[in-house]
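Novice: First, the structure itself, so that you have it in front of you.
Protein chains: 4
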Amino acid sequence: MGKRLFKELERSYGFDEVAIVPGQLTINPELTSTKMTVGSLEFEIPIMASAMDGAVSPGFASYMHEMGGLGVLNAEGVYTRYEDPYSVLEEIISCPQDEVTEFLQKVYSEPIKEELIGQRVHEIKNTGATCAVSFTPQNTKRMSPPAVEAGADMVVVQSTVTTARHMSNSYRGLVFSELIDALKVPVMVGNCVTYEVALELMETGIDGLLVGVGPGAACTTREVVGVGVPQVTATLQCAAAREDYFRRTGRYVSIITDGGFRTGGDVCKAMVSGADGVMLGTPFAQANEAPGRGFNWGMANPHPELPRGTRISVGTKGSLKEILYGPTSKTDGTQNFMGALKVAMGMCGAYTLRDLHKAEMVIAPSIKTEGKFFQMSR
Amino acid sequence: MGKRLFKELERSYGFDEVAIVPGQLTINPELTSTKMTVGSLEFEIPIMASAMDGAVSPGFASYMHEMGGLGVLNAEGVYTRYEDPYSVLEEIISCPQDEVTEFLQKVYSEPIKEELIGQRVHEIKNTGATCAVSFTPQNTKRMSPPAVEAGADMVVVQSTVTTARHMSNSYRGLVFSELIDALKVPVMVGNCVTYEVALELMETGIDGLLVGVGPGAACTTREVVGVGVPQVTATLQCAAAREDYFRRTGRYVSIITDGGFRTGGDVCKAMVSGADGVMLGTPFAQANEAPGRGFNWGMANPHPELPRGTRISVGTKGSLKEILYGPTSKTDGTQNFMGALKVAMGMCGAYTLRDLHKAEMVIAPSIKTEGKFFQMSR
Amino acid sequence: MGKRLFKELERSYGFDEVAIVPGQLTINPELTSTKMTVGSLEFEIPIMASAMDGAVSPGFASYMHEMGGLGVLNAEGVYTRYEDPYSVLEEIISCPQDEVTEFLQKVYSEPIKEELIGQRVHEIKNTGATCAVSFTPQNTKRMSPPAVEAGADMVVVQSTVTTARHMSNSYRGLVFSELIDALKVPVMVGNCVTYEVALELMETGIDGLLVGVGPGAACTTREVVGVGVPQVTATLQCAAAREDYFRRTGRYVSIITDGGFRTGGDVCKAMVSGADGVMLGTPFAQANEAPGRGFNWGMANPHPELPRGTRISVGTKGSLKEILYGPTSKTDGTQNFMGALKVAMGMCGAYTLRDLHKAEMVIAPSIKTEGKFFQMSR
Amino acid sequence: MGKRLFKELERSYGFDEVAIVPGQLTINPELTSTKMTVGSLEFEIPIMASAMDGAVSPGFASYMHEMGGLGVLNAEGVYTRYEDPYSVLEEIISCPQDEVTEFLQKVYSEPIKEELIGQRVHEIKNTGATCAVSFTPQNTKRMSPPAVEAGADMVVVQSTVTTARHMSNSYRGLVFSELIDALKVPVMVGNCVTYEVALELMETGIDGLLVGVGPGAACTTREVVGVGVPQVTATLQCAAAREDYFRRTGRYVSIITDGGFRTGGDVCKAMVSGADGVMLGTPFAQANEAPGRGFNWGMANPHPELPRGTRISVGTKGSLKEILYGPTSKTDGTQNFMGALKVAMGMCGAYTLRDLHKAEMVIAPSIKTEGKFFQMSR
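Chains as they are written, first to last, in my numbering: chain A, 306 to 683; chain B, 306 to 683; chain C, 306 to 683; chain D, 306 to 683.
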């Protein structure tokens, strides 16, 4: 048995199943640099906040800039559907859990007001921050040029699964190469999880690639439609495409692992898997400054016919600065993401994130202690 | 050690252990077709309701037809043992849990009334629905011809494990090729889980094959007798047999994965594993229209000597239409099975179910969140 | 990394990790024979009750005989240390849980009275039952000849780990070949778990081999000293030794898998792994007729310095007859072990246990449902 | 998919995932010797107590010596920061759990008083015990020579990850070969987990190597920064380096597996993985004699910016003598570590720890019983 199978299955891995191997050389964390670039844009830290309405408002994008990172504004969310998005957020937050999916479906059926996109871009640019706005492929061609005209520094084109070739009755598939020629700002596209699609997308001229389909549990894409690839394997695949593409063309496309992160250790593992940056939602939705005030939800959630995921109560854990840089007295890895990254870089002897790409990783299922006692190491 | 083992063991996989990889091309779900055929019969959707008394009554078979699928009537259950099956169902439903196995054993010791089979076939045919009736191998030869005469459109021959060659003292093994010649309607046979048995059964001339032995947990066949193969591996094996048989003979035998489904994602995974259709019990027993009114039980349960499984309270979750097509505000994958299938087909760039057979799948143990927070993707 | 390791590790498997694949031919359970032989002794069923004081008393050995199996009496337990073992059992049973390990240590420090061994053998033989008595290696040479003289039909030599070559200061290692020459009744030896040791033991002339070191959880040998091999792999190894030995010598040594069983499915899996019989403790300690009246404990438990395992409350589940043969309304596999075995044999097309050895098995981690609903199969 | 990955991942293993295979020869535990040497120092038992403030005080080091082992004093903990460390311990112990990380950060910000190091060494030496003191790499060069002058018999240099080559702005990397030349007492260094680093460290002339990065759960290094290798694989790697180094140079460097132990079985598994000794924290923090009086915490915990781990309540389980040698009526493997080791050695036919290195081990995931009943073996 088993000799005759309809297809072969390979093993894939998520963050919880791997661990980083310390290097042969170690360095002091102070010596590390965590700079990330996407096209012509450079950032002090390789961390982006997801285009989720509970995480990134125009104000939050400004805070992310102050911290050295990037907050991406969802240009199809409450901020561009409502003049006063904050009262809508208030209603979402106070909606009872068993009615919230239906309520979100209603909230997001309100049409996008294109004039609000420019207005939100201005709000961000006025603070001096880098401005990135995200669209779905359907709306990108029409809505992204005015956003760039209004000052947006980066366009993010994002859907659950994005390929270079999409077939549709209702709109002509977006041609990324044409878009890129037209916009003249860095374009980041996603999400994808395989070598082949990553390569095809890179060949259209994009500057950054978002990696991740069905990575988490709140996003129930994997539960509802069965589709998804765990983030370590997805990143390993797309990073291999980046290397092959770079070797052939000399152009370096940044890989941003998007979603499924729980701790600083997960961020470090994404980097060792080949990521140039990471995009996080919930950890930022937990910031004091987040517009969701302790709640978060995804864009697949209010899908009118096939809602996936739901509004979750993530709580408020501290200031954005504490979450990114500490100091913290939390010992569970959910704060001081940058401290964790720098310590991991030190343990792997990595001066830069590109050095960290060379670190080793092993398959090591996460430890479940279940109330047993254990030994602490120093 | 390990160099000398009495036999080799290969790894097998269930739905919870795999995930579908999105394709290189994506299409809009509206462009997909989900048609399934079994022999000369065609169905709009590739979904059957199991021949379980708590799921399919003559009335429910009619509803399934209206929805584009097929409800198989158990021709050896309460509907053919009792003039008034509904009062018996009432008694089963209201029986205390600790007495129910014994009570089911008593209910199913009442002899089958052959005249009731024709009567139930008429009830289904009178609504205009396609009528499929299921028998165990022991009774098929005697009971299925009158059922076809009464108008049944398909005969299903089903036992826990079915092979082309069965040895018995008490009845001459059913010869499928003779049965098929005699009946002149499509014949579906099951259950089996291996390449070799699938091939042997196809060679007898059957039109459809039911795949699944011990797939779920309520069916405790795997617990009680240790026998069973997880559904992904079972489907991969039987689909390989279908391909080889088709290549050799030009005749296409449909593979129907039967049992073990919990979400729409599981249905999608069965299809990618090579299934042409799926058979579900509990999700339909949860319909408002189901005769079990929130309860379900299997035919191995009332086995007089070796009961496996038990009556389970599955609850009532919504209308049959909501379960199959939504719209739903449930986000856990237990509703809108067809929406999920069409979205998965879109993500895999599959216009038809045969296209979906070409999608890739990876081994990816299911995510256990255990109250931890997580990141949502869009 | 990983290229330089101090030693290689191979994967091993337990009952919960495998499933039996149904055969290409199926037969009716009524056609199967479950006969087991050990040396010159034949038994209707391949099931032995462990030499544990809570499971097998002289009376229970007689009941096992009536059922077609064999109950092994622990010749170093309460029955041979105390004139009136039943009042001692009473005290063990009523001892508070937190004092029971210490109390057992005290109970088993009472010396064995050699005259009681013959008396217990007589008690068993007087009922017409086959009599098997078990000794530890230290006492076998001195105590087993009088037991045989008193009428014992089989001698079992058992310790946690037994090899053909044991080094000790305090007693000259038992030479099995000398013992076997002297006793002239079948000798069964254990426990072992590897090909090499199984082969060496077979070459001493033994008739049966007990397989299992640290297989269960109550036996905390694996927890306390880290030593143990899961039962499927252990049986696969020892059965390979049996086959090689049989091919070379024409003498068939029976493999009895001892311990770690929870359900009828586990028994079936042991047989498919190559066992000729199984030895169970707790399932028999749960019989109404068991001397432990709902409690059980092992001989590693009262070890004076390194107690492993503890007295566990196993409850009383039904008569011995129900446990072995049903009928039962329990659907969890813990009753009707013989019914389960015969059904599995039918599903695998096995007329005899030697045929069942040819069945296939796959690695298939056990299903955890955790309150989720599921589909039942027929 | 999967054919193009950015890097390959190998599987690694922890204690819970392996089991020791009994040997072909068995011996009586009384015949075994458990002697361990580190450089010129010899110990009756291969067990060290970790340099954790809750486990080893000067008094406890003396008790460990009486028992035949070694207690390592943390020369950068409360004992060298405070004249009266016992009142500080009292405060740590009585601090509420949610304030304890912050409080520990404060406690360990008090500077080390170098004169107290010599004083603590004297306290230990005055009892006649072997004295080992541990430093971090930053302080070793300055603080260890006076400690040796005061009488210390061994210097331990320990940080979470230690390599032969460390780059830093703030202090010139410690050169181990120079240190070793200067000190003239055995030097033990750690922690490391890979073949290459182990080899490089051995080449500097060290006498012992501590193995373990992120092995346990209380140490949340693996959670917070993602770095760590499970202890079985880490020990297998470092032991391979020891063998290669020994073959080439004739010098034997002892491998001490540090951390992650829960039971005696874990200790046995470390030895079979190639360890010459083990270092335990929590099991000793559970001794009646431990200074933490039922609490324990690690040195990564009070890290000012990136605290990992926390103070845990480990309880008080018995005297140090009971923990090491029994007798015990505990049956869960958490007492009588030496009894367990000797029994395992007997089962593997190992007269010495070097013999135990030759035993086999298999991958065998730990058994979860979850309240199910089970069979006990003898």
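A virtual CB, placed ideally from N, CA and C, is assigned to each residue, including glycine.
Quantities reported herein were computed from a predicted structural model and do not represent experimental measurements.
Which one of P363(B), Q463(B) and V323(B) has the shortest CA to CA distance from G597(B)?
Specialist: Position 292 of the second sequence, counted from the start, is the residue given in the question as residue 597(B). Measuring from the Cα of G597(B), the nearest candidate turns out to be P363(B).
Novice: Please report how far the alpha carbon of S719(C) lies from the alpha carbon of H427(C), in whole angstroms.
Specialist: Because chain C here runs from 306 to 683, residue 719(C) falls outside it and cannot be looked at.
Novice: By the criterion of Cβ-Cβ separation under 7 Å, what are the contact partners of P535(B) in chain C?
Specialist: Position 230 of the second sequence, counted from the first residue, corresponds to residue 535(B). Those within 7 Å of P535(B) in chain C are A669.
Novice: Go ahead and pull the three-state DSSP assignment for I350(D).
Specialist: As a first step, residue 350(D) is located in the fourth sequence; it is residue number 45 there, counting from the start. It is coil, neither helix nor strand.
Novice: How about V577(B) and F642(B): are their beta carbons less than 8 Å apart?
Specialist: Translated into positions along the second sequence, residue 577(B) becomes position 272. Translated into positions along the second sequence, residue 642(B) becomes position 337. Result no, Cβ atoms of V577(B) and F642(B) do not sit closer than 8 Å.
Novice: Could you tell me the alpha carbon to alpha carbon distance between E313(B) and F348(B), rounded to whole angstroms?
Specialist: The residue you call residue 313(B) lines up with position 8 of the second sequence. The residue you call residue 348(B) lines up with position 43 of the second sequence. About 41 Å.
Novice: So within the stretch 462-502 of chain B, which uninterrupted alpha helix (DSSP H) runs reach at least 4 residues, ignoring any that extend past its ends?
Specialist: 481-488, all fully within the stretch 462-502 of chain B.
Novice: So, does the stretch 344-360 of chain A touch the stretch 491-500 of chain D, judging by three or more C-beta pairs under 8 Å?
Specialist: Taking 8 Å as the limit for Cβ pairs, the verdict is that the stretch 491-500 of chain D does not touch the stretch 344-360 of chain A.
Novice: May I ask which residues mark the beginning and end of the alpha helix (DSSP H) holding E454(D)?
Specialist: Here the question's residue 454(D) lines up with position 149 in the fourth sequence. Residues P442 to E454.
Novice: Note down, in chain order, all residues in the stretch 641-664 of chain C with a beta-carbon under 7 Å from any beta-carbon belonging to chain B.
Specialist: The stretch 641-664 of chain C vs chain B, Cβ under 7 Å: N641, G644, A645, V648, A649 and M652.
Novice: Roughly how many angstroms separate the alpha carbons of S671(A) and E315(C), rounded to a whole number?
Specialist: Working through the first sequence from its first residue, we reach residue 671(A) at position 366. Working through the third sequence from its first residue, we reach residue 315(C) at position 10. Approximately 21 Å between the Cα atoms of the pair.
Novice: What are the start and end residues of the alpha helix (DSSP H) that includes T432(A)?
Specialist: In the first sequence, counting from the first residue as 1, residue 432(A) sits at position 127. Segment: none, T432(A) is in no alpha helix (DSSP H) and carries neither H nor E.
Novice: To the nearest angstrom, how far is the alpha carbon of G319(B) from that of T562(C)?
Specialist: Counting from one through the second sequence, the residue named residue 319(B) turns up at place 14. Counting from one through the third sequence, the residue named residue 562(C) turns up at place 257. Each residue's alpha carbon lies about 28 Å from the other.
Novice: Compare the C-beta of A592(C) against all C-beta atoms of chain B and say whether one is closer than 8 Å.
Specialist: Taking the first residue of the third sequence as 1, we reach residue 592(C) at position 287. So no, A592(C) is outside the interface.
Novice: Could you name the residues of the stretch 536-550 of chain D whose beta carbon sits closer than 9 Å to any beta carbon of chain C, in the order they occur along the chain?
Specialist: Per Cβ criterion, the list reads V537, T538, T540, L541, Q542, C543, A544, A545, A546, R547, E548 and D549.
Novice: At the 8 Å Cβ level, is Y500(B) part of the contact set with chain A, yes or no?
Specialist: Counting from 1 along the second sequence, the entry for residue 500(B) is found at position 195. For Y500(B), the answer is yes, since a Cβ of chain A falls inside 8 Å of its Cβ.
Novice: Ordered along the chain, which non-local residues of its own chain (more than five positions away) have a Cβ less than 7 Å from that of I325(B)?
Specialist: For this step, residue 325(B) is matched to residue 20 along the second sequence. Cβ within range, chain order: C573, K574, V577, A649, C653, A664 and M666.
Novice: Can you tell me where the alpha helix (DSSP H) holding I273(A) begins and where it ends?
Specialist: As shown, chain A starts at 306 and ends at 683. That puts residue 273(A) outside it, with no answer to give.
Novice: Are there three or more Cβ pairs, one per stretch, closer than 8 Å when the stretch 619-627 of chain A is compared with the stretch 387-397 of chain A?
Specialist: With a cut-off of 8 Å, the stretch 387-397 of chain A and the stretch 619-627 of chain A do not count as touching, because too few Cβ pairs lie within range.
Novice: Flag H370(C) as yes if its beta-carbon sits less than 8 Å from any beta-carbon of chain D, otherwise no.
Specialist: Within the third sequence, residue 370(C) is the residue found at index 65, counting from 1. H370(C) does not count as touching chain D.
Novice: Helix, strand or coil, according to DSSP, for I332(A) in the structure here?
Specialist: In the first sequence, counting from the first residue as 1, residue 332(A) sits at position 27. Of the three classes helix, strand and coil, the one that applies to I332(A) here is strand, per DSSP.
Novice: Keeping to the same chain, check which residues put their C-beta closer than 8 Å to that of Y384(C); ignore five residues upstream and five downstream.
Specialist: The count along the third sequence starts at 1 and reaches residue 384(C) at position 79. Excluding sequence neighbours, Y384(C) sits near D358, S362, P363, L378, P390, L421 and R425.
Novice: Quick check on I422(A): does DSSP put it in helix, strand or coil?
Specialist: Position 117 of the first sequence holds residue 422(A). I422(A) falls in the helix class under three-state DSSP.
Novice: Leaving out five residues before and five after F679(B) in sequence, what residues of the same chain have Cβ atoms less than 8 Å from its Cβ?
Specialist: Counting from 1 along the second sequence, the entry for residue 679(B) is found at position 374. Any reading at F679(B) must be qualified, since the residue scores a pLDDT of 35, below 50, and its modelled position is unreliable; the value itself is stated next. Excluding sequence neighbours, F679(B) sits near nothing in its chain.
Novice: For G582(C), which residues does DSSP report across the bridge?
Specialist: On the third sequence, position 277 is the one that residue 582(C) refers to. In the DSSP output, where bridge partners are listed per residue, G582(C) has I561(C).
Novice: Restricting to runs no shorter than 3 residues, where is the beta strand (DSSP E) found entirely within the stretch 361-424 of chain B?
Specialist: You should have 375-379.
Novice: So which residues of chain D does G623(A) contact, with C-beta pairs closer than 8 Å?
Specialist: Numbered from 1 along the first sequence, position 318 holds the residue referred to as residue 623(A). Chain D residues near G623(A): none, gap ~14 Å exceeds 8 Å.
Novice: At a cut of 8 Å, does the stretch 632-642 of chain D reach the stretch 399-411 of chain C through at least three beta carbon pairs?
Specialist: Output reads yes: the stretch 399-411 of chain C touches the stretch 632-642 of chain D.
Novice: Measuring alpha carbon to alpha carbon, tell me which residue in R470(D), T331(D), L375(D) and E371(D) is nearest A356(D).
Specialist: The residue given as residue 356(D) occupies position 51 in the fourth sequence. For the residues R470(D), T331(D), L375(D) and E371(D), the minimum Cα distance to A356(D) belongs to L375(D).
Novice: Among L515(B), L611(B), E505(B) and D486(B), which one has its Cα closest to the Cα of V529(B)?
Specialist: By one-based count along the second sequence, residue 529(B) stands at place 224. Comparing Cα-Cα distances from V529(B) to each of L515(B), L611(B), E505(B) and D486(B), the minimum goes to L611(B).
Novice: Start and end of the alpha helix (DSSP H) containing L611(A)?
Specialist: What you label residue 611(A) is simply residue 306 of the first sequence in a count that begins at 1. Careful: L611(A) lies outside any alpha helix (DSSP H) and carries neither H nor E.
Novice: Does R316(B) come within less than 8 Å of chain C when only Cβ atoms are used?
Specialist: On the second sequence, residue 316(B) is found 11 positions in, with the first residue counted as 1. Taking Cβ atoms only, chain C reaches closer than 8 Å to R316(B), which makes this a yes.
Novice: Rounded to the nearest angstrom, what separates T342(C) and A669(B) at their Cα positions?
Specialist: The residue given as residue 342(C) occupies position 37 in the third sequence. The residue given as residue 669(B) occupies position 364 in the second sequence. C-alpha separation (whole angstroms): 45 Å.
Novice: Pull the bridge partners of V534(C) from the DSSP assignment, please.
Specialist: Here residue 534(C) refers to the residue found at position 229 of the third sequence. Answer is V518(C).
Novice: Which one or two residues does DSSP pair with A324(C) in a beta bridge?
Specialist: Within the third sequence, the letter at position 19 stands for residue 324(C). V667(C), per the DSSP bridge assignment.
Novice: If you run the structure through DSSP and keep just helix, strand and coil, what is F311(A)?
Specialist: Translated into the one-based positions of the first sequence, residue 311(A) becomes position 6. Reduced to three states, the DSSP call for F311(A) is coil.
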